[in-house]
Structures are given as C-alpha cells and as structure tokens.
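*Asks:* Handing you this structure, nothing more for now.
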Amino acid sequence: MTEFTWKDEYSLGNAQIDAEHQRLLELANAVATLANSGEQMARIKENIVALYDYVKTHFQHEEEYMLQLGYPQYEEHKKLHEGIIAEMNTIMKHSGNLDMLVYKFKRLMHVWVLEHILTEDSRIAQAKKQKEVSDEPASEAG
C-alpha cells in the first residue's frame, strides 16, 4: 500500500485543519504499514476504526471553519464529507477479505488525498483569501 506524504501544496493556511490533515495521513500510513507487514485483519480494522473516528472529528472541525468563513459551498462540501464517511462505513462493514479491505481503503484514501484535499479543500483556502481581500479597508486617496 502506498504511503501518503504531506506536501506543502496540501496546506489550507489554517493551522488546526492542516495539522489534522497531517494526522490523518499519519493514521492512514499506520494502516498501510500494518497491511504491508501482513498484520491480522482485526488489528488493521482497529486502526481503520481509529482513522474513521478521527476523520469524523476532522470533518466537524472543517465544517465549523467553513461556517466561520461564510463559505458559499458549505452544503456541497458537507455532502462530500458525508459521502466519505458512508464509504468508510461500507468498507468496514463489508470487507471480510483482507486484500479487498486494503484495496478499498487505499482507493478511498487516494481519492480523499488527491481529490478532496487538493481540489475541494483548496477551494476553502481560496475563499479565505478572497474574504481577507474583501475585508481589507479601502485606502483613502489623499
């Protein structure tokens, strides 16, 4: 299973969200390490459950942040979070085969990192920058 490495391009410019994204990658890597070492299914699932719990907490924090920003695509973004949670639920409930569990988990993490953080979450950072520009006081000509 591929290891996930934090890159500066993933940064949203919010210390808490960025730290949580880094922690999520660490948790995903822990699952990858267990899968690559041939660890037992119960131990891998235990780590996936820990990741799942952390993802739910992170999404709650990210949604609160979007609301604070007045992020216009909040509802759409929240639905994406709900979809990721639902897919994680499905993976955990219906993957009795270790290879299939690892494959589905890897696919989900790839989508989450490459699509969700780089595309969807980066839009939050762009909205924050736009808000900062629009909130700047207009300089008076003198």
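In our numbering, each residue's number is its place in the sequence shown (first place is 1) plus 16.
Where is the CB? At the ideal position from N, CA and C, for every residue including glycine.
Does DSSP put S53 in a helix, a strand or coil?
*Replies:* Taking the sequence shown and counting its residues from 1, the one referred to as residue 53 is at position 37. The answer is coil: DSSP assigns S53 none of H, G, I, E or B.
*Asks:* Indicate whether W128 and I100 have their beta-carbon atoms separated by less than 8 Å.
*Replies:* Looking up residue 128 in the sequence shown gives position 112. Looking up residue 100 in the sequence shown gives position 84. Cβ distance < 8 Å, so W128 and I100 count as in contact.
*Asks:* Please report how far the alpha carbon of N63 lies from the alpha carbon of A46, in whole angstroms.
*Replies:* Translated into the one-based positions of the sequence shown, residue 63 becomes position 47. Translated into the one-based positions of the sequence shown, residue 46 becomes position 30. Taking the straight line from one Cα to the other gives about 7 Å.
*Asks:* Given that a residue counts as buried once 16 or more other Cβ atoms are within 10 Å of its Cβ, and exposed if not, what is D115?
*Replies:* As a first step, residue 115 is located in the sequence shown; it is residue number 99 there, counting from the start. Burial call: exposed.
*Asks:* Suppose only complete runs of 4+ residues qualify. What are the alpha helix (DSSP H) ranges in the region 72-142, listed by chain order?
*Replies:* The region 72-142 contains these whole alpha helix (DSSP H) runs: 90-110 and 114-127.
*Asks:* Closer than 7 Å by C-beta to E156: which residues in its own chain qualify, once you throw out the five before and the five after it? Chain order, please.
*Replies:* Along the sequence shown, read from residue 1 onward, the residue named residue 156 stands at position 140. Low confidence applies to E156: its pLDDT is 46, below 50, so where it sits in the model is not reliable enough to give any reading.
*Asks:* Taking A143 as the reference, give the member of H93, L85, Q76 and K23 with the closest Cα.
*Replies:* Walking along the sequence shown from the start, residue 143 turns up at place 127. For the residues H93, L85, Q76 and K23, the minimum Cα distance to A143 belongs to L85.
*Asks:* When burial is assigned at 16 or more other CB atoms within 10 Å of the CB, is N30 buried or exposed?
*Replies:* Mapped onto the sequence shown, residue 30 falls at position 14. Flag for N30 reads buried.
*Asks:* What three-state label does DSSP hand N30 in the structure shown?
*Replies:* One-based indexing of the sequence shown puts residue 30 at position 14. N30 falls in the coil class under three-state DSSP.
*Asks:* From D69 to V149, what distance separates their C-alpha atoms?
*Replies:* Walking along the sequence shown from the start, residue 69 turns up at place 53. Walking along the sequence shown from the start, residue 149 turns up at place 133. Taking the straight line joining both Cα atoms gives about 36 Å.
*Asks:* If you reduce the DSSP assignment to three classes, tell me which class E148 lands in.
*Replies:* Residue numbering aside, residue 148 sits at position 132 when the sequence shown is read from its first letter. Helix at E148.
*Asks:* According to DSSP, simplified to helix, strand and coil, what is K23?
*Replies:* To locate residue 23, count along the sequence shown from 1; it is residue 7. In the structure shown, K23 sits in coil (DSSP, three-state: anything other than H, G, I, E or B).
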